Every structure is written in structure tokens, then in C-alpha cells.
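> The listed protein sequences correspond, in order, to chains A and B. The first sequence begins at 149 in my numbering and counts up one residue at a time. The second sequence begins at 4 in my numbering and counts up one residue at a time. Glycine included, every Cβ here is placed at the ideal spot set by N, Cα and C. It should be emphasised that the depicted structure is a prediction, and the values quoted were computed from it without experimental measurement.
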Amino acid sequence: MLMKILRYELKRIRLGRLYPIMLLCNIVYACIWMWQIGLSGVGGTAPFSKWTYLAYCGAMLPAAVLSLLLSQANYYSEKQQKADILPLSSPYTAGELMLIRITALLICFLIIFLGEYLLFSIPFALFFGTAEVLGYPLIGLIHMLPTVILMLALGCLIGKIRGWLVYVLAAVTFITGLAQFSVPFDLFGNKFFSEYPLKLPTGSAGEPAFEIVPLWICSRIVYFAVGVVILLLSVRRNRKPTLDRAEN
Amino acid sequence: MKYSRLCFVELRRLLRKKSFWICVILCCCTPLLGFLPLTFEDDILSNKYIANPVIAATAAGGIIWAVFSLLEASRVHRTGTDVLTDAVSAPALLPAARMTAQIILVTCTALVCALIWMPYIAHKMEYLFSLKFYLANIAVMLVPGWWLCMLIMESLYQFTRKAEAAALIFALAVGCCFLPYVMLNYSLRWICPTVVTYSDAFPTYWPLRVGLWARIIWLSLGLALYLLSLAAVRKYQRGMIVSFLRGCKQVCLPISAALLIALAVVMGAYQPFIDHDPRSYLDEDDEFFWKEYIDQRLVISAVNIRYTIAPHLTTGTVSGTAEYDLKNNSGYKVENNEFSFVLNPGYTIEAITLDENPVPFETLPTVVSEQRQTKFTLPQPCVGHLKIMYHGMPAQRRSMLPLLVMSTVDPDYVSLYRNSVMPEMLNINVTSFGADYSIILPEDMQLLWEYKPVTDKEPTGDGKNIWHVKADSDYIFNLQAGKFVTRKIEAGGVHIDFTYGDIYDSVVEENDICGAVKAVIDYCSEHYGPLIYTEDDTLSLLQTSALITGGWAFPGAATWMENILTPESLKDAERGASAKEVFIHELIHHWWGGYGVSFEEEEIWGCEGMTVYSTYRLVKELYGEEYAKKYYVEKWIDEVKQQDRNFYNRYPAFLERLPKAMIKQILEDNSGVNHYSRMPLMLLKAEQLLGGEAEMDALLNRIYKEQVIDHLADGEVLVDYSFEDFLRDSGLTEEELHVDENFAL
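#1: Ordered along the chain, which non-local residues of its own chain (more than five positions away) have a Cβ less than 7 Å from that of residue 164(A)?
#2: Output, in chain order, the set of chain A residues within a Cβ distance shorter than 9 Å of residue 172(B).
#3: Do residue 108(B) and residue 226(B) count as a contact pair if the criterion is CB distance below 8 Å?
#4: If you compare alpha carbons, which of 424(B), 412(B) and 474(B) is closest to residue 485(B)?
#5: For residue 527(B), count the other beta carbons within 10 Å of its own beta carbon; 16 or more makes it buried, fewer makes it exposed. Which is it?
#6: State yes or no: is the beta carbon of residue 203(A) nearer than 8 Å to at least one beta carbon in chain B?
#7: Pick out the complete alpha helix (DSSP H) segments inside the region 302-343 of chain A, 4 residues or longer, and give them in chain order.
#8: Please name the residue in 181(B), 105(B), 196(B) and 38(B) whose C-alpha comes closest to that of residue 127(B).
#9: Mind checking if residue 340(A) is an interface residue toward chain B, Cβ cutoff 8 Å exclusive?
#10: What residue does the beta strand (DSSP E) around residue 467(B) start on, and which one ends it?
#11: By the three-class DSSP mapping on this structure, what secondary structure does residue 613(B) have?
#12: Residue 380(B) bridges to which residues according to DSSP?
#13: Alpha carbon to alpha carbon, how far is residue 454(B) from residue 504(B)?
#14: Just checking: is the beta-carbon of residue 660(B) within a distance shorter than 8 Å of some beta-carbon in chain A?
#15: Let me make sure I understand the geometry here. Which of 415(B), 414(B), 475(B) and 416(B) has the alpha-carbon closest to that of residue 440(B)?
#16: With burial defined as no fewer than 16 other Cβ atoms inside 10 Å of the residue's Cβ, what is the status of residue 224(B): buried or exposed?
#17: Using CA coordinates, which residue listed in 602(B), 636(B), 736(B) and 631(B) is at the minimum distance from residue 706(B)?
#18: Per DSSP, what kind of secondary structure is residue 199(B) in: helix, strand or coil?
#19: Cβ of residue 649(B) less than 8 Å from any chain A Cβ?
#20: Verify whether the separation of the beta carbon atoms of residue 283(A) and residue 171(A) is less than 8 Å.
#21: Would you list, in sequence order, the uninterrupted alpha helix (DSSP H) runs of no fewer than 4 residues that lie entirely inside the region 149-227 of chain B?
#22: With three or more C-beta pairs closer than 8 Å as the rule, is the region 340-351 of chain A touching the region 195-212 of chain A?
#23: Determine the burial state of residue 256(A): buried for a count of at least 16 other Cβ atoms within 10 Å of its Cβ, exposed for fewer.
#24: Can you tell me whether DSSP reads residue 592(B) as helix, strand or coil?
#25: Per DSSP, what are the beta-bridge partners of residue 374(B) in this structure?
#26: Decide if the region 236-249 of chain A is in contact with the region 347-359 of chain A; the criterion is three or more beta carbon pairs, one per stretch, under 8 Å apart.
#27: Run through chain A and tell me which residues come within less than 7 Å of residue 665(B), C-beta to C-beta.
#28: Residue 399(B) by DSSP, collapsed to three states: which one?
#29: In chain A, which residues lie with their C-beta within 7 Å of the C-beta of residue 653(B)?
#30: Express the C-alpha separation of residue 94(B) and residue 395(A) in angstroms, rounding to a whole number.
#31: Bridge partners of residue 461(B), per DSSP?
#32: Which value, in whole angstroms, describes the spacing of the CA atoms of residue 219(A) and residue 645(B)?
#33: For the putative contact between residue 1(B) and residue 92(B), defined by C-beta atoms under 8 Å, what is the C-beta separation to the nearest angstrom?
#34: Which chain A residues sit within Cβ distance under 7 Å of residue 165(B)?
#35: May I ask you to report which of helix, strand or coil DSSP gives residue 486(B)?
#36: Do the region 357-376 of chain A and the region 61-79 of chain B make contact, defined as three or more Cβ pairs closer than 8 Å?
Have a look at this one:
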């Protein structure tokens with residue numbers, strides 16, 4: 149049954165106008181970034197290096213998060229709140245339904261991620277004949293997924309207070325994405341991977357070998373943990389019997 | 004309900020909305036963003052207190068009004084009252100009335116904002132403030148920008164009927180305005196036109212003219228989009244496409260939209276400000292038109308060449324007449340009686356006559372590097388009095404923007420460059436005979452010819468002067484006219500005419516600029532040798548408009564940027580290799596450059612590197628070793644390091660797989676680093692290897708003496724000084740001079 153609801157939510161998102169437009173916007177933005185910055189390589193590294201790929205992920209992350217938050221905001225609109233009486237009549241709690249929606253949004257994120265990964269890897273495989281990029285999705289997911297989970301969890305939390313606050317969170321995401329911090333503990337890391345390699349010594353190939361920055365890994369773990377905790381708290385808050393909530 | 008009545012109703016309703024007044028307050032605060040040190044920093048007061056705040060307010064305020072417009076557009080659908088409003092008026096009429104009311108209110112808000120900020124800006128700019136210029140910026144940049152944002156956002160909403168989708172597409176469109184390619188392109192940045200710079204001392208309206216033209220184009224497109232979106236307003240609960248097809252039955256909407264789009268396309272295609280050369284970078288085939296004639300014998304010669312140039316300051320145009328007496332002294336018969344010249348593409352050839360008889364001519368459409376070719380056919384034997392009349396607005400070279408705006412005609416300043424002054428003949432011999440120029444200007448303007456003041460003038464009696472210049476060749480690089488002051492300085496055995504805008508006279512006095520000039524001339528004369536390339540022992544130093552970035556050096560003349568003399572620049576010695584040091588750099592080119600030691604331009608060798616090194620040495624003497632190390636040596640090391648680490652420099656084979664434009668950009672960047680960082684670092688290393696500054700100065704002194712003084716004394720032509728010559732003279736090897744990121748003082 150849960151799978152049915154999940155498929156329904158995915159179908160809703162797919163048939164709505166917002167998600168296809170957002171997917172297209174993300175793809176266009178990715179093309180522009182690749183043309184302007186990606187082909188030159190970042191931080192004195194190769195354009196198909198892991199540094200460049202993570203800088204690319206960091207640049208795409210604000211756009212992806214913005215897209216998901218705008219989709220999530222729909223769930224807290226007045227119309228949706230009224231329509232939720234129907235699913236709340238089902239045996240599932242509001243919290244479980246919320247988790248299903250989050251899962252649907254995460255699947256949407258994975259589609260965006262896959263599209264962006266293909267945009268990155270195919271030109272390099274064609275131009276430079278390198279197969280190294282085939283192993284990059286995992287590191288990209290490690291970079292992007294914790295932030296996405298955290299932002300969606302925050303969206304859940306503040307959406308419960310006021311639906312329009314999710315738009316405020318989206319605006320904050322937009323501004324923070326433009327600000328481009330260059331520290332490992334920032335939310336998007338969209339400038340960190342461009343500048344950090346310049347501080348490292350070069351290897352035999354003339355560029356620094358890719359290394360996992362401990363602070364960066366810690367930041368991902370923290371964001372993931374905080375996001376999961378917020379989600380669980382949100383689920384726990386919605387454990388009241390569904391019919392009682394509907395009547396209230 | 005009638006449209007006018009609806010407008011009035013919407014006007015009243017909006018004035019009562021709390022959100023409207025919040026937007027007004029926020030918009031009045033948006034100019035503050037232009038003063039943030041993190042975003043904009045400028046010494047030119049017109050940029051700092053007018054351009055930057057107006058551009059910031061245009062962008063930020065546009066976004067605020069776009070959001071407001073979106074909320075208003077979606078309000079009836081969010082509240083479910085569209086059923087009621089559709090019963091009162093046609094579904095498309097209410098959005099149109101609302102948009103009209105919003106435009107009126109937004110225009111009033113812009114005026115209020117301008118009035119609120121005016122006292123502060125006038126106080127800060129003091130004598131430089133011009134009310135007309137200030138209001139022109141508000142009218143051209145701010146108001147249309149806010150209109151455009153509202154039109155686009157509401158159009159997006161009407162098409163998608165999804166507030167989030169409209170906001171996202173709008174955000175994407177705004178984001179595109181800040182891409183590097185768009186930032187440099189005058190026509191693409193729709194949210195606010197690009198203003199390369201303004202000038203305090205030499206006020207120019209060029210950015211405003213271009214901005215107005217771009218504004219009209221984008222407003223036409225925005226209005227067209229809006230009219231089409233009115234056609235797409237949902238009716239009878241149908242979808243977008245069906246509603247749009249039904250809406251197009253009101254033929255005025257699609258026809259008006261089509262006309263507006265056509266207007267925008269025509270204006271974009273025929274914009275007169277920038278040449279239509281499709282290349283965005285300088286190409287080695289720059290002398291494109293000459294190729295066809297390079298091997299041709301020049302049978303016909305032109306003598307008694309006279310040019311009359313009359314800039315029209317109000318319209319920004321130039322009228323010109325070029326007259327030649329054509330003769331055939333070559334002894335050969337004219338086989339091909341088709342002749343050709345190039346002129347600035349902004350000019351239209353009005354007539355070509357030979358002995359007062361019209362001559363057929365054809366102006367070709369191809370534009371290359373600010374030149375357009377005109378061919379004309381003369382009747383045999385192709386001799387007589389040739390007259391070419393032309394008129395128009397000089398167009399800028401696209402590949403030089405936004406760094407250089409060389410040709411502009413303004414009420415208080417004129418600058419014309421090369422083919423913006425007169426035609427250049429391709430297959431008639433004109434170079435051997437010189438030319439007479441007559442330039443007609445208002446009587447309060449001083450003419451500068453090739454950066455030197457002209458004295459020969461006669462009044463016309465109607466508030467103008469005709470300036471006469473007799474030039475040895477018919478080729479001119481630049482003429483300027485404006486309100487200048489000239490001070491005489493004696494330094495290094497040379498008479499120096501120090502010329503600058505009269506606005507800065509008190510600044511020159513207070514900061515002892517003349518003393519700084521003297522210090523540079525004395526230093527270089529002492530360390531390298533006497534200044535040779537003066538004309539009649541005179542050197543002209545000219546302050547140029549901020550529109551011309553950087554500096555130039557010519558025989559007997561050197562220029563520097565306007566912002567060197569601004570109070571902010573002169574007070575701030577912490578800024579490092581800054582505008583003031585660009586001035587020093589350009590002066591030093593009189594020792595290391597085409598008019599001192601001529602350098603062979605190689606990959607890591609050229610006059611720029613030697614000049615940068617010499618600038619570093621002088622700056623070290625003036626400001627100390629720590630200052631010089633911080634702003635020169637460390638910067639050079641950093642740039643060399645970045646260049647060495649660039650992937651395509653390490654693996655050049657991959658470079659060939661990139662698009663041509665990107666390859667060109669990378670190679671140009673490399674050339675810049677090689678000449679401005681790697682070579683000075685190499686010379687610094689040579690100094691260390693030779694044993695110190697005294698030994699290096701002795702070497703440079705010897706090079707200057709042998710390459711310039713001795714050659715001129717012997718009446719010989721100067722030869723280029725190569726890297727090999729330097730290695731020979733210094734006794735060092737190329738391997739010893741190799742530098743990388745590990746270089747240390």
C-alpha cells in the first residue's frame with residue numbers, strides 16, 4: 149500500500165508543471181556551468197578530476213535544493229491542507245505520509261542528480277576518452293544527499309508552522325547559494341572545491357591528488373544526522389491518530 | 004467595467020495595500036546595496052554615487068516589484084475570487100488594468116526614491132553633481148528596469164498559472180544576467196544595462212545612449228510577451244493552449260506583439276553604437292581589408308589632402324569631408340579604376356564626387372575591427388579633385404568592449420579614434436604627403452591631437468573655433484577635445500606638458516602630482532638614460548577619460564587613466580599596484596617600448612615585462628621593500644603558480660579538443676601572465692644572479708645606451724632587442740632564469 153501511495157505521489161509530481169520546468173532549469177544551469185567553468189577545470193586540476201566534479205556538484209546543489217523546496221511548499225498550501233483530509237482517512241499517520249512525500253522528493257532529486265551526472269560525464273568521455281568519471285556518482289551523492297535531506301527536513305519542520313515559510317527557506321537557499329563560501333563546513337561547498345586544491349602540493353601528474361577532507365566528511369555526517377533527527381521528530385509529532393487530527 | 008475605470012479601481016486598491024508600501028520602503032533602501040564595499044568599489048565619483056546605486060536599485064528593486072506583481076497576479080486565483088472578477092470584467096482586462104496601475108505607482112516610487120537620495124548624492128559629489136545626468140540615469144536605467152521585471156513576471160504567471168514555476172523561470176532569467184558572458188554584452192543583460200564606467204572630468208552619455216537603446220529593445224520584447232500572455236489568460240476553465248488560441252481571436256494582441264518583436268529585432272540588428280563584427284576577440288587577421296591590396300601597385304597618389312571634421316555634440320554624431328587631389332605620377336596606366344577605403348561602420352557615406360560630379364559607390368556590409376569598406380569607381384584617367392562626405396555616430400569596436408570606449412561625442416567631451424576621424428584609403432597612395440585637418444569645436448573646448456595640445460585656432464564668430472592641424476602623415480590615432488588644464492614641469496632635462504581635466508586642478512595642487520611626475524622622470528633618467536623620444540624636448544602627459552581603460556604611450560606623449568587623480572585613489576597608498584602605478588608604468592614605457600628600447604615580442608619576452616620590473620623598482624624606492632614585495636613579487640609568483648598548474652598548460656594536447664573561442668582565451672591569458680608576471684620575475688632573478696640592483700641597473704643602462712642612444716647618434720634604425728640579446732649581454736642562461744612557484748627573494 150505504501151508503495152502505491154509513493155507511486156501516486158511520484159505521478160502527481162511528474163504530471164504537475166512545476167517539476168518538469170525545474171528539471172529543465174537545472175539541466176540548463178548545469179550546461180551553462182560546464183561551458184563556463186567546468187571545461188577549464190577548477191583549482192588547477194583536470195576538467196574531469198574529482199575536484200572539478202565536486203565543485204560542479206556544489207554549484208548544482210543550491211539549484212536542486214531550491215527546486216525540491218518549491219515542490220515541498222506545495223504540500224503546505226491551503227488547498228493541499230484541505231485535500232489532505234482524504235489521505236488522512238487512510239490507516240497511515242500524517243507522519244508516515246510525510247515520509248512518503250519526502251521519499252518521493254528524494255527520488256525526484258535522484259533524477260536531477262542523474263541528469264547532471266550524465267551531463268558531466270558524457271562530454272568528457274567523448275572529448276577526453278576518460279572512463280574515470282564512471283566512478284564519481286558515489287562521491288557526488290555523499291556530497292549532495294546530506295544537504296538535501298537536511299533542507300527537506302527543515303522544510304517539513306517550518307512548513308508545519310506556516311506554509312509560506314518554506315518559500316522563505318527557498319529564498320535563503322538562493323541567497324546562500326549565490327554567496328559561495330569557501331569553507332568545508334558550508335552547506336553547499338560550491339566554492340570550497342575550487343579553492344582547496346590550490347592549497348595542496350601537486351603530485352607527479354602536476355595536480356593535487358584527490359583527498360577526503362576530514363572537515364568536509366564531518367559536515368556531511370552532521371548534516372545527515374541533523375536532517376534525520378528533524379525528520380524523526382516531525383514524524384513523532386504526527387503520531388496522533390489520523391481521524392482525531394482530521395476532526396480537529 | 005471599462006478599462007479606465009478598472010485602472011482607477013486598481014490604483015486605489017493597491018494604494019491601500021500594506022504590502023505595496025512595504026515594497027516602496029524596500030525599494031527606497033535598495034540604492035544602499037550600491038555602496039556596499041563587497042559589491043562595488045570605484046574611485047570615479049559618478050560611478051560610486053550614481054551608477055552603482057542606480058544599477059543596484061534597478062536589479063534589487065526589479066526583483067521586489069516582480070515578486071509583488073506575482074503575488075497580485077495570483078491573488079484572485081489563490082482566494083478563489085476569479086469567478087467573481089471574471090463576471091465583472093473580461094478575464095484579460097483586469098490583469099491589463101492592474102499592470103497599468105502598477106506601472107504608474109512604480110514610476111512614482113522611482114521618482115520618490117530619486118528625490119530621497121538626491122541631497123545625499125549631491126552633497127557627496129559636490130561640484131561634480133549634475134541634476135540632468137542624475138535624472139537621466141533614473142529615467143533610462145531604473146524606471147524601465149522595474150517595468151520590465153513586472154511585465155516579465157506577470158507574463159510568466161499568466162502562461163504557467165503556477166507561481167512557483169513563474170518565480171523559478173524568472174530567477175533563472177535574473178541569474179543569467181550575472182553570467183560572465185552576459186555581463187560583458189551590452190544587449191543581453193536585460194535586468195539592467197551594463198555601464199562600463201562614467202567619467203567625472205569628461206562627462207559622457209555613451210553608456211546612457213546604449214542603455215536607452217537596450218531598454219527599448221527589452222521593453223518591446225517584455226511588452227510583446229505580456230500581450231501574448233493576456234491572450235493566454237484562462238477562459239471557460241480551459242488549458243493554456245486552447246485559451247491562447249481563443250485569445251488570439253482578438254487580433255490586436257498577436258499583431259501588436261508581432262510588431263513589438265519586429266521592432267526589437269530591427270533595433271537589435273541595426274544598433275549604431277557597437278560595430279557588427281561577429282568576432283568577440285582580436286584576431287591575428289586584424290588587417291582584413293588590406294589583404295586584397297597588399298601586392299597591388301599604387302598608381303594614383305593623393306596630394307593636398309584636407310579633412311574637415313565637425314562633431315555635433317548634442318546628437319553624438321560627426322560630419323566629415325575628406326578632399327584629395329588625385330594625380331598619376333607613377334608612369335603607369337590605371338588598369339583597375341575601382342578604388343576603396345575603410346571608415347568607421349557607424350558612418351554613412353553621403354556622397355563621393357570627382358570634380359563636383361557624382362561618383363558611383365557601394366558600401367559593403369562586412370565589418371571587421373571597427374572598419375567597413377566602401378568601393379567607388381572613378382572615370383578614367385582617375386585624376387581630379389575627389390571629395391568624400393560622410394556623417395554618422397562612431398561605432399565602438401566590439402572586441403575592445405567593455406574595457407575601451409575610444410570614440411564618443413558628448414556635450415563636454417569628444418574622443419575620436421582612427422577611422423572615426425577620416426577614411427583610410429586602401430589603394431590610393433596617401434601616406435607620403437601628409438594632410439591638413441580642420442576640426443570645428445565650441446570655443447570653450449581645447450583640442451588635443453595625438454594627446455598633445457593644439458594651439459592653432461581661429462574663431463568662426465558663432466561661438467565656435469576651427470582648429471587647424473598640419474600632420475606629416477594622414478594616419479591619426481586619436482583626437483580629443485574637452486576642458487583641459489596644462490601645467491609645465493621640468494624634469495630629466497625635458498619640458499613636460501602635464502594636461503588634465505580642469506575639474507581636478509585643485510586635486511593636482513593639493514597632492515603635488517607634478518612632484519610625482521618629476522620623481523619618475525628623474526629616476527628613470529638617472530638609472531637608465533635620458534629620455535630620447537620627446538618632440539622638441541617636450542613630453543606631453545595626458546589624463547584620459549575613464550572610458551579608456553589603461554594607458555598608452557606614443558612619441559612625445561603618454562596617457563593615464565582618469566581615476567588616478569581622484570581624491571580616493573590618491574589618499575589610499577595601501578591599494579598596491581593600483582591606478583597611480585599604472586601612470587608610472589606608462590611613463591616608463593618611454594624607456595622600454597616602441598619609443599625607447601624596442602623589444603622583440605616573444606612568448607616570455609617583451610617591453611611590458613621590462614616596464615613592470617622597472618615599475619616595481621621605482622615603487623620599491625618610493626614606498627618601501629615590504630610594499631613592493633607584497634603587491635608585485637608575491638602577485639607575480641601567485642600568477643605564475645596558477646599558470647603552471649592550469650591543466651591545459653600541463654597537457655597542451657587536450658587544448659586542441661576545446662572550442663576555438665576557449666582556446667583563444669586560454670592562450671591570451673597565458674600571454675598576459677608571461678609578459679606581466681613571469682618575465683618580471685625572471686628579471687628579478689637575473690638581478691639576484693648578477694649580484695644586486697646596482698649591477699642590474701648598470702646592465703639596463705648599457706642596454707639603453709647601445710640600443711637607443713648610440714643607434715640614434717649613428718643615424719641607424721632601431722632594431723628589436725630579443726631575449727637572446729639579453730642573455731648575451733647579461734652572461735646568463737635560459738635555464739638559470741627559469742622561474743616557477745618556488746621562486747624566493
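In terms of the structure at hand:
#1: none
#2: 169 and 173
#3: no
#4: 412(B)
#5: buried
#6: no
#7: 313-327
#8: 38(B)
#9: no
#10: 467-474
#11: helix
#12: 341(B)
#13: 13 Å
#14: yes
#15: 475(B)
#16: buried
#17: 602(B)
#18: coil
#19: yes
#20: no
#21: 166-179 and 183-186
#22: yes
#23: buried
#24: coil
#25: 371(B)
#26: no
#27: 187
#28: strand
#29: 354
#30: Below a pLDDT of 50, predicted positions are generally treated as unreliable, and residue 395(A), at 45, falls in that range; the measurement from the model is reported next regardless. Whole-angstrom Cα-Cα distance: 38 Å.
#31: 469(B)
#32: 42 Å
#33: An answer regarding residue 1(B) cannot be provided, because it is not within the stretch 4 to 748 covered by chain B.
#34: 165 and 166
#35: coil
#36: no
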